[in-house]
Amino acid sequence: MTKPKTGEMLHLRGNALDKGEPVALPLTQSSMFHLPGDPDGHASYGRVDNPTWVHLEHVLSHLENAPCLSFPSGMGAISAALFATVKAGSRLLIPSDGYYVTRLLADRFLSNLGVSIVERPTTAFAEGGFDGIDVVFLESPSNPGLDMLDLPAIARPVREAGGITIADNTTMTPLGQRPLDLGVDVVVSSDTKAMGGHSDLLMGHVASRDAQIMERVEDWRRVSGAIPGPHEAWLLHRGLETLDVRFDRMCSSAQVLAELLASHPAVKHIRYPGLPGDPSHALAAAQTARFGFLLTITLESEAKAEQFINACPLLRPATSFGGVHSSAERRARWGDAVDPAFIRLSVGCEPVEELWPAIEASLNAL
Ligand SMILES: Cc1ncc(COP(=O)(O)O)c(C=O)c1O
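Note that the sequence shown covers residues 1452 to 1817 in the working numbering.
Below, the structure written as structure tokens:
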């Protein structure tokens, strides 16, 4: 994978500045723009454009190596990508074990509009082929199971059959995986997670090198009104400035913790793509630059899982992931089809020399 040049990214704005302009990105908190006469070529109205988004999208485009549009949440981005690509009569294939709200969107809203929904588990996703499917939604590694899809081996036949692929890259970020380089047509991401990284905002983006799709996505944003707030855009931009260092530390610590957790007697089962014996290891090694910051462990019982999470002073018992604070939760509490003692653990930026003793002590106390 070609790693995005994050040093260059940090100077994208600076190298285009006029003398006296602020180095930090200004926050343009305005719905109106001074617009006498011909409005062409100028910011017109806050639902259509905003200078803070424009710069954020410049940075996101640098990371994705593709045009990007920002949205007020990951689901906002996923909705935009799907509403821009499906129509009545379309067949949409989605994973049965990915992020559950994507399935809710398909089942509760798209199916009412005449879109037929096909679900397959990540580990058997290619079974049945892709003929007659118009849009294929992918999630790799899947959340929460951390199973991987062979993205080029799916994107190629889908394209040959006349379909479109959309990949949710939230768990990896563009620094860990670039699905567009692997043949996928559209990337969506919840930037609420590691991209923002501080658990203080919701945002998302859509990226694609297909100009027609991006035109539809932009039209959707303008017409639906699903626009990011300028302040959230500004916060996300600020978060992206440290993505490289945060992601590096989070992935390195996750590897260390996974190896230690794998041999702890309280851990019945562990999944981390960076462990050589993990079912996702070979695909992750081929497709991703890093093995990620998410791992899952299964303990002996629901009660022990709760006790472990709640007693560890360096784990926030919270949903969501990708923040500077390590966090953990039992996914069964939201209805994911997993063991009641299955825990998704998001490794944050705390030094691993502090994290492991805290985690180990909490496991030893069970
Ligand atoms: C893989 C994945 N995609 C999309 C989303 C939705 O993102 P948001 O909560 O920003 O709408 C999430 C949220 O947890 C997620 O885990």
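C-beta: ideal position from N, C-alpha, C; glycine also.
- With a 10 Å radius around the Cβ and a threshold of 16 neighbouring Cβ atoms, G1580 comes out exposed.
- Residue state for V1775 is assigned as coil, using DSSP reduced to three classes.
- Here M1623 carries a coil assignment [DSSP, helix/strand/coil].
- Excluding the 5 residues flanking it on each side, G1540 has same chain C-beta neighbours closer than 7 Å at G1565, in chain order.
- Apart from sequence neighbours up to five positions away, the residues of its chain that approach G1583 with a beta-carbon distance below 7 Å are R1542, ordered along the chain.
- The three-state reading of DSSP puts A1645 in coil, since its state is none of H, G, I, E or B.
- By DSSP's assignment, R1767 forms a beta bridge with S1778.
- Closest by C-alpha distance to L1486, out of A1535, E1508 and A1494, is A1494.
- When only Cα atoms are considered, I1748 and A1517 end up about 35 Å apart.
- When the beta-carbon positions are compared, T1616 and E1590 stay at least 9 Å from each other.
- Using a C-beta cut-off of 8 Å, the region 1467–1487 makes contact with the region 1679–1691, since at least three inter-stretch Cβ pairs fall below that distance.
- Cβ atoms of V1510 and L1463 come within 8 Å of each other, at about 6 Å.
- A direct Cα-Cα distance of roughly 40 Å separates F1793 from E1459.
- Remark: the shortest separation between the CB of L1653 and any heavy atom of ligand 1 falls under 8 Å.
- Annotation for Y1723 indicates a beta carbon at 8 Å or more from all heavy atoms of ligand 1.
- Remark: the C-beta of S1731 is outside contact range of ligand 1, defined as less than 8 Å to any heavy atom.
- Within the chosen limit of 8 Å, ligand 1 reaches the beta carbon of K1644 through at least one heavy atom.
- In the three-state scheme derived from DSSP, where H, G and I count as helix and E and B as strand, Y1551 is classed as helix.
- The beta carbon of C1763 sits closer than 7 Å to the beta carbons of A1809, I1810 and S1813 from its chain, once the five residues preceding and following it are set aside; these are given in chain order.
- In the structure shown, S1731 adopts coil according to DSSP, grouped into three states.
- The closest heavy atom of ligand 1 lies less than 8 Å from the beta carbon of G1549.
- If you draw a straight line from the Cα of A1740 to the Cα of L1626, it comes to about 7 Å.
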